[in-house]
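For reference, the structure discussed in these notes is given below.
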Amino acid sequence: MSCLLEARGISKQFGGVQALQDVSLTINHGEIYGLIGPNGAGKTTFFNVLTGLYARDAGEVSLDGKPLPLGKPHAISIAGFARTFQNIRLFANMTALENVMVGRHARTASGVIGAILRTAAARGEEQAIRRRAEELLHYVGIGDRTHDLARHLSYGDQRRLEIARALATEPRLLALDEPAAGMNASETAALRTLIEGLRADGITILLIEHDVKLVMGLCDRVAVLDYGRKIAEDVPEQVRRNPAVIEAYLGVGVGAA
Amino acid sequence: MKRYPQLRMLATIALLLLLPFAVGTMGNAWVRILDFALLYIMLALGLNIVVGFAGLLDLGYIAFYGVGAYTYALLASPQFGVHWPVWLILPLCAAIAGLFGALLGAPTLRLRGDYLAIVTLGFGEIIRIFLNNLNSPVNITNGPQGIASIDPIAVAGVSLSRTLNVFGFEVHGLYLYYYLFAFVALLIVVVSARLQDSRIGRAWVAIREDEVAAKACGINTRNVKLLAFAMGASFGGVAGGLFAGFQGFVSPESFSLLESIMVLCMVVIGGMGHIGGVIFGGLLLAVMPEIFRYSAVPAQQALFGKVVIDPESLRMLLFGLALIVVMLYRPAGLWPEPRHRRELAGKKS
Ligand SMILES: Nc1ncnc2c1ncn2[C@@H]1O[C@H](COP(=O)(O)OP(=O)(O)OP(=O)(O)O)[C@@H](O)[C@H]1O
Ligand SMILES: [Mg+2]
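Sequences listed follow chains A and B, in order. Residue numbering for the first sequence follows my numbering, starting at 1 and increasing by one per position. Residue numbering for the second sequence follows my numbering, starting at 1 and increasing by one per position.
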C-alpha cells in the first residue's frame, strides 16, 4: 500500500510544555489509523498542527507526496484533508443543512455577481450544494434533523453533523477527534458502521479515540502518544500487549512489576 | 397574506408609493425626514453585512458614506468644474467606497471584537481628518468649508430638486427624491437578501459563528472578510452619493464618529443580521429623534411652563436610555430574526 499522509519529526512547544516531540508517522491509502494516548498526551495538538491551526516548531507534513502549506487551514482542507473537533465546533445558529452546505464552499465557485443576479449557473450550483448536503445528512444518519438549528441537536447528532460537514469538503483523509465521546452504546455502534462505510467509499481515516474497544476493533494500525512522544505503533493486538503502552496508561511501576 | 407573495408585494409597493403623501400632510419637513430615513436605512443595511452577517464590529463605517458623498461632490460641482451624470457617478461611488472598504479592512483581518472596533474607529477618523485637510497644498476637498453648489440629482433629464408638474399636480422635489431613494433602498434590500441566501452569505455567517471551523471547511476567511467589508462599504458609498446630490453641500462634519455609532445602533437595536429588523431600526432611529425635536419644547412648556432641558440634550439622554433598556431586555434587538424562521421555512419546502 502506498502512503497518503506522511508526517516527519513534528515538534510543538507551548511555553514550558513540550506537547509534541519529534513525532513521525505515515498513513496508508484506505487505512483506518488510530491515535491513542492518555489525557494531555498531545493527540489534539497533533491534529491541530497537521491541519494548520497551530504553527509547528519543526517537522514536515505531506499529503500524497505534496507538502502541506503552513498556517493555512483552508488550503489544507482544499488539498483533501478534513477534520472534526474534539470540542464540537459547529455553526450553532445555522441549520444542520446549512452547516453541511458551508462545507461545500471550496468545491463550488459562484460569487457575488451570481448571487445578486441569480444567474442560471448560480441557481444550479446552489441546488447541487443543497442536494449534496441532504445526501450527506442522510448518509451520517441525521436526515430527519435537516432543518433543525445545529445547537438544538443532541450531542451524538452534533458529532455526526460535524462528520457530514467534513465529508462535504470531499476529503481523501478524514481526521476524527474523539467522535464517540459522549455517545451511548447504540450511537457508538452506528458510528462504527459509519466509519467502516467511509473506508469502503475510499476515504482514509485518522482516528483519535479513548474508547479502546472501538479503536481496537476498527483500526488497521494504532500509534500511541505519551507526553508528546510516539511510544508505539503497530497492529492493535501488538499495541495492546506492548509494555510501554501499558505503563503509559496505568502509570509507572505497574508495567515494570 | 403569507400565502400570496404577489399580494404582499403589491401592498408593500402601494404603501411605499403613498407614504410620502400621508407624511406630507404634516408638512414638507417630514418628507425630508423620510428621505433621510431612507438614506439611513441604506447605511444600516450596508453595515449589517459587516456586523450582522460576518460578525465584524466596525465603528468607522460612516467613512464610506463620506467617501461616496465626496465622490459625488467632486464629480458634479464647480469644485473641479466637472458635471458628470448621476448614473455614471453612483456606480463609481459604490466602487470607490468598496475599494476603501477592502483597503481599510485588510490590516484588520486578524483582529476581533474590541480590537477590531478600536482600529476601525481610528480608520473612520482618519478619513474624516483627510477630508478636513485635503485643501492644501492642492485644494481637493475644500477643507472644513466643504463643497457647495453640488449638482442636484437628475433622472432622465429631470432635476429632482424642482417641483414637477404631473398632469396638473404639483409634486415637490422632496417627493421625487423620496421615490428615487426608496427605489435604491429596495434594490439594496434585494441585494442583501440574495447575498444572505447564497454561498457567500453562508460563508459570512460561518465566520461569525466560528472562524476556526470556517477555515477548516475550506473557506479562505481573508478573502471572504474583505468581500464583506467591500460590499458593506459600497452600500454606504451609494447612500453617500445620493446624500451629496440631495443636500447640494457636503462637509467633513457630517461624517463624525457619532454618525458611525448611530448607524451601528440602528443595526443593533433593530436586530443584527435580520434585514427586516435592520430596516426597522434605521427607520426608528432616524424618525424618533425628529419627533423629540419637534415635541420636546412644547411638551416641556406645557408641563413646567418653561424649557428645562434643551431638546438636543434631551434627545441624547433619551437615546442613551433607550439603548440601555434595549440591551438589557432585548439583547438580540427589537426585531431579531425569529428563532425558528429558518427551521420552519425549511420544513415547509
Ligand atoms: N493552545 C494551547 N496552549 C497551551 N497549551 C496547550 C494548548 N493546547 C494544548 N496544550 C497543552 O499541550 C498538551 C497536550 O494537549 P492535547 O490537547 O494535545 O492533549 P490530548 O492528547 O488531546 O488530550 P485529551 O485526551 O485530554 O484530549 C497538554 O499539556 C495541554 O495542556
Ligand atoms: Mg484531545
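Cβ atoms here follow ideal geometry from the backbone N, Cα and C, with glycine treated the same way.
query, result
"In whole angstroms, give me the CA-to-CA distance for Glu-6 (chain A) and Ile-129 (chain A).", "32 Å"
"Should Thr-51 (chain A) be counted as a contact of ligand 2 given a C-beta to heavy atom distance under 7 Å?", "no"
"Mind pulling the chain A residues with CB within less than 8 Å of Met-231 (chain B)?", "Val-112"
"Taking the CB atoms as reference points, tell me whether Ala-190 (chain A) and Asp-211 (chain A) lie closer together than 8 Å.", "no"
"What in chain A is Cβ-close to Pro-212 (chain B), meaning under 9 Å?", "Per the sequence presented here, residue 212 (chain B) reads as Val, with Pro not at that position. Chain A residues near Val-212 (chain B): Leu-53, Pro-73, Phe-85, Arg-89."
"What separation, rounded to the nearest whole angstrom, lies between the Cα atoms of Asp-22 (chain A) and Asp-57 (chain A)?", "10 Å"
"Over what stretch of residues does the beta strand (DSSP E) that includes Lys-306 (chain B) continue unbroken?", "That residue, Lys-306 (chain B), is in no beta strand (DSSP E); it is neither H nor E in DSSP."
"Taking Gly-218 (chain B) as the query, report the chain A residues whose CB atoms sit under 7 Å from its CB, ordered along the chain.", "His-74, Ser-77, Ile-78, His-105, Ala-106, Thr-169"
"What does Leu-195 (chain B) touch in chain A if you count any residue whose Cβ is under 8 Å from its own?", "Val-112, Ala-115, Ile-116"
"Please list the partners that Ala-92 (chain A) has in chain B, where partner means a Cβ-to-Cβ separation under 9 Å.", "Glu-209, Asp-210"
"What's the C-alpha gap between Ile-10 (chain A) and Asp-64 (chain A)?", "18 Å"
"For the candidate residues B:Ala-156, B:Asn-139, B:Ser-161, whose alpha-carbon lies nearest to that of Ser-149 (chain B)?", "B:Ser-161"
"Give, in chain order, every residue of the segment 123 to 144 of chain A whose Cβ lies closer than 9 Å to some Cβ of chain B.", "Glu-125, Glu-126, Ile-129"
"Given a cut-off of 8 Å, decide if Gly-201 (chain B) and Ala-44 (chain B) are closer than it, judged by their beta-carbon atoms.", "no"
"Kindly examine ligand 1 and report whether one of its heavy atoms sits closer than 7 Å to the Cβ of Ala-41 (chain A).", "yes"
"Give a yes or no on contact between the segment 30 to 44 of chain A and the segment 224 to 235 of chain A, applying the rule of three or more CB pairs nearer than 8 Å.", "yes"
"Report yes or no: is there a C-beta of chain A within less than 8 Å of the C-beta of Arg-8 (chain B)?", "no"
"With respect to 7 Å, is the separation between the Cβ of Gly-37 (chain A) and the closest non-hydrogen atom of ligand 1 below this value?", "yes"
"Sorry if obvious, but does the Cβ on Val-17 (chain A) come closer than 7 Å to a heavy atom of ligand 1?", "yes"
"Starting from the C-beta of Ser-275 (chain B), find all residues in its chain whose C-beta is less than 8 Å away, skip the five residues before and the five after it, and write them out in chain order.", "Going by the sequence as given, residue 275 (chain B) is Ile instead of Ser. Result list for Ile-275 (chain B): Leu-45, Asn-48, Val-189, Ser-192, Ala-193, Gln-196, in chain order."
"Is it true that the CB of Gly-68 (chain B) sits closer than 8 Å to the CB of Leu-131 (chain B)?", "no"
"Since Lys-215 (chain B) meets chain A, which of its residues come closer than 7 Å, beta carbon to beta carbon?", "Pro-73, His-74"
"Since I believe Phe-85 (chain A) is in contact with Glu-162 (chain A) (beta carbons under 8 Å), could you give me their beta-carbon distance rounded to a whole number of angstroms?", "7 Å"
"Based on the DSSP output, what are the partners of Asn-28 (chain B) in its beta bridges?", "In the DSSP output, where bridge partners are listed per residue, Asn-28 (chain B) has none listed."
"Tell me the rounded alpha-carbon separation between Ile-118 (chain B) and Arg-192 (chain A).", "49 Å"
"Reducing DSSP to helix, strand and coil, say where Ile-195 (chain A) ends up.", "helix"
"Would you tell me roughly how many angstroms separate the C-alpha atoms of Val-350 (chain B) and Ile-140 (chain B), rounded to the nearest one?", "Because chain B spans 1 through 349 in this model, residue 350 (chain B) falls outside it and cannot be assessed."
"Is the beta carbon of Thr-284 (chain A) within less than 7 Å of some heavy atom of ligand 2?", "Chain A is shown from 1 up to 257; residue 284 (chain A) falls before or after that span and cannot be answered."
"Which residues, in chain order, does the segment 176 to 209 of chain A contribute to contact with chain B at a C-beta distance below 7 Å?", "none"
"Leaving out five residues on either side along the sequence, give the residues of the same chain with a beta carbon under 6 Å from the beta carbon of Leu-53 (chain A).", "Pro-73"
"Quick one, which of B:Ile-291, B:Ala-63, B:Leu-56 has its alpha-carbon nearest Ser-251 (chain B)'s?", "B:Ala-63"
"Grouping DSSP H, G and I as helix and E and B as strand, with all else coil, what is Ile-231 (chain A)?", "strand"
"What in chain B is Cβ-close to Glu-247 (chain A), meaning under 8 Å?", "Ordered by position in chain B, no residue passes the 8 Å Cβ test against Glu-247 (chain A), which lies about 35 Å from the chain."
"What are the start and end residues of the alpha helix (DSSP H) that includes Asp-114 (chain B)?", "113 to 133"
"Are the segment 193 to 212 of chain A and the segment 102 to 114 of chain A touching, with three or more C-beta to C-beta distances below 8 Å?", "no"
"Classify His-83 (chain B) as buried or exposed, calling it buried when 16 or more other Cβ atoms lie within 10 Å of its own Cβ.", "exposed"
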